[in-house]
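Heads up: the sequence shown begins at 100 in this note's numbering, then just goes up one per residue.
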Amino acid sequence: MAGHSKWANIQHRKGAQDKKRAKLFTKLGREIITAARLGGADPDMNPRLRLAIQKARKQSMPNDGIKKAIEKGAGGGEGDNYEEIRYEGYGPNGVAVIVDTMTDNRNRTVSEVRTIFSKGGGNLGDSGAVSFMFDRVGMIIFPDSVADSDAMFEAAVEAGALNCETSDGMHEITCEPDDYGDVCATLEEKFGEAHEDSGLAWNPNTHSDVDEETAQKVLNLVESLEDSDDVQSVTHNMNVSDDIMEKLLAS
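Structure follows, in structure tokens:
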């Protein structure tokens, strides 16, 4: 299995594109606000903000919206004070699920997340219920066109990374979460902007093998969670064959 597929999970979204785009802009804006609040308004000095802006631009978020979000986060405007909260639980057939949220109302968010788990055939657990099945890592991604695998591996190690794997046209560099900013900045200086999917990630160290029926239920649960305005990302440890996944995504 390719390294990228171990942590990123296949995104499975349906529905009206306009509605999805509005929700996406809301989530991108919250990430920009939080990144600017934590690390300052200068993207050159704030890798998290730089990547948040990059993701927003890739999704055609208006520049005015990006600017306003930075100002809110840096204290230049009024805005909600979002907090990052992680929820853990089990999906159908015991698949481990981690939900990262950003919210201004934790009571609303936990109630919604719990309801989605229940309706999706799973259950929300306590903090630490499934996180031991994942490793928290910094993940930095570059297209393999920027360098060959040996050169990228050498550069990654020199920058302080833990490992570098090359597959499916991508270099995937992992590092300790606290080292993410420095490693990312060092590699970007040499190879240009990292891929928009770079960032902190949950990398499963234990996988749950499932059949087609369970895989569909898990995808439905993930989709419902991702549809929440407060949910920034969903990670699971489901392992399913490429043939089954292609069939489900095509249906």
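Quick reminder that beta carbons are idealized off the backbone N, C-alpha and C, glycines included.
- Put simply, the backbone Cα of Phe233 is about 15 Å away from that of Asp308.
- Cα atoms of Ala173 and Glu130: separation of roughly 12 Å, rounded to the nearest angstrom.
- With a cut-off of 8 Å on Cβ pairs, the region 198-210 is not in contact with the region 240-254, counting fewer than three such pairs.
- Nearest to Ile132 by C-alpha distance, out of Thr265, Arg149, Lys119, Ala228, is Arg149.
- Counting C-beta pairs with one atom in each stretch, the region 332-350 and the region 184-199 have three or more that are closer than 8 Å, which means they touch.
- Pro161 sits exposed, since fewer than 16 C-beta atoms from the chains shown fall within 10 Å of its C-beta.
- Considering only Ile169, Met251, Ala121, Lys126, the residue with the shortest C-alpha distance to Asp141 is Ile169.
- Excluding residues up to 5 positions away in sequence, Gly138, Gly139 lie with their Cβ nearer than 6 Å to the Cβ of Asn145 in the same chain.
- By the neighbour-count definition (other C-beta atoms within 10 Å, threshold 16), Pro276 is an exposed residue.
- Inside the region 217-287, DSSP marks whole beta strand (DSSP E) runs of 3 or more residues at positions 233-242, 262-266, 269-274, from first to last along the chain.
- Nearest to Cys274 by C-alpha distance, out of Gly268, Asp267, Cys263, is Cys263.
- Looking at Asp342, Ala135, Val330, Thr305, the one whose alpha-carbon comes closest to that of Arg207 is Val330.
- Rounded to the nearest whole angstrom, the CA to CA distance from Phe231 to Lys166 is 38 Å.
- From the listed residues Val321, Leu347, Asp143, the smallest Cα separation to Ile215 is found for Val321.
- Within the same chain, Cβ atoms closer than 6 Å to the Cβ of Arg147 are found at Ala134, Gly138, the five residues on either side in sequence being excluded.
- For the pair Gly221 and Glu187, the CB atoms are not nearer than the 8 Å cut-off.
- Annotation for Arg213: Leu223 place their beta carbon closer than 7 Å to its own, counting only its chain and skipping 5 residues before and after.
- Around Asn319, the same chain offers Gly219 as residues with beta carbons nearer than 8 Å, after the five sequence neighbours per side are excluded.
- Taking all protein chains shown into account, Leu127 has 16 or more neighbouring C-beta atoms within 10 Å of its C-beta and is therefore buried.
- The beta carbon of Val333 lies closer than 6 Å to those of Val198, Val321, Leu324, Glu325 in the same chain, with the five residues before and after it left out.
- For Ser332, the enclosing beta strand (DSSP E) starts and ends at 330-335.
- For Met344, the enclosing alpha helix (DSSP H) covers residues 341-349.
- According to DSSP, Leu299 shares a beta bridge with Gly237.
- Taking C-alpha positions only, Met344 is separated from His306 by approximately 15 Å.
- With fewer than 16 other beta carbons inside 10 angstroms of its own, Ser210 counts as exposed.
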